[in-house]
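Worksheet for the structure shown next.
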Amino acid sequence: MKRGLFSSIAPLYGCFFQFQLRMYRKFLLLPSLERVVGSRAKVLDVGFGTGALMQALLEQGHDVAGVDYSTGMLRVARKKLKTGGALLFHEDVREGLSFETDSFDVVFAAYVVHGLSSYARRVALEEMARVARKAVILFEHSDSPGLMVNAVEWLEGNHFATFKKERAALLASIFDWCETIPFSKRSVVYVCQQDIL
Ligand SMILES: C[S@@+](CC[C@H](N)C(=O)[O-])C[C@H]1O[C@@H](n2cnc3c(N)ncnc32)[C@H](O)[C@@H]1O
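Note that my numbering has the sequence shown beginning at 474, numbered continuously upward.
Quick look at the structure:
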């Protein structure tokens, strides 16, 4: 989806903030996540949207920063985030992240990487891996996300189809190890790490 389109849908997207917040609170309680993220971690949320995942991370006491390339999403996230303290950056991950290597313990991206072209997806994941000290955690559609999501993804250029096809080889080429955790019928979590020995 184009950056401008994300900005136009941002106010509507914001209506689902509480629903998403409940989902992300549950997501952060997955045992694998609790183990990898730990307490009071320094975390980055890439493509934070209206900020629901950042809010859930703030509630857990983490030190939170996020990047998003849509000014509309940035505006809504500023209004929605209650706990305060999250640092919001206007950046396009396809152009590289402005942070130093290993700046964060964990980097999250929720419903972002499937929507990028194959080339941009690799750039984005390599950048996330570079700035993450411990893990990159992706929250994504499952392979059967339902008719509605399939239709929207198809209309957007069907990067989701290449994501499904290329995902395993791509993740294996960047990370040493990835755990796939089914979260619900419609969503799945990838916990990816380097040098875990
Ligand atoms: C489907 S929304 C998901 C938002 C949020 N992570 C969530 O879970 O609701 C995708 C988000 O990623 C952002 N995004 C997409 N491509 C991006 C890029 N190349 N760089 C930074 N942000 C991007 C969009 O602006 C949008 O806010």
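Just so it is clear, CB atoms sit at the ideal spot from N, CA and C, and this is done for glycine as well.
Same chain, Cβ closer than 7 Å to residue i, five either side skipped, listed in chain order
| i | result |
| --- | --- |
| Leu644 | Cys651, Tyr663 and Cys665 |
| Phe479 | Ser543, Gly545 and Met546 |
| Ala602 | Val609, Ile647, Phe648 and Gln667 |
| Glu600 | Val566, Gly569 and Leu570 |
| Val585 | Val519 and Gly520 |
| Phe490 | Thr523, Ala525 and Lys553 |
Beta-carbon proximity of residue i to residue j, cut-off 8 Å
| i | j | result |
| --- | --- | --- |
| Ala605 | Phe577 | yes |
| His614 | Val625 | no |
| Met527 | Val519 | no |
| Arg672 | Gly534 | The question about residue 672 has no answer, for the chain in this structure spans 474 to 670. |
| Thr653 | Ser591 | no |
| Phe492 | Phe612 | no |
Residue i burial status per 10 Å Cβ neighbour count (16 or more: buried)
| i | result |
| --- | --- |
| Tyr497 | buried |
| Asp541 | buried |
Pairwise C-alpha distance: residue j and residue i
| i | j | result |
| --- | --- | --- |
| Gly522 | Gly588 | 13 Å |
| Ala582 | Val516 | 11 Å |
| Lys680 | Leu530 | The chain is shown only over 474 to 670; residue 680 falls outside these bounds and no answer can be derived. |
| Glu573 | Arg659 | 34 Å |
Those residues which DSSP pairs with residue i across a bridge
| i | result |
| --- | --- |
| Asp536 | Lys515 |
| Gln469 | Residue 469 cannot be examined here, being either before or after the span of the chain that is shown, 474 to 670. |
| Leu561 | Gly539 |
Contacts around residue i, its chain only, beta-carbon distance under 6 Å, and the 5 residues preceding and following it disregarded
| i | result |
| --- | --- |
| Pro655 | Val661 |
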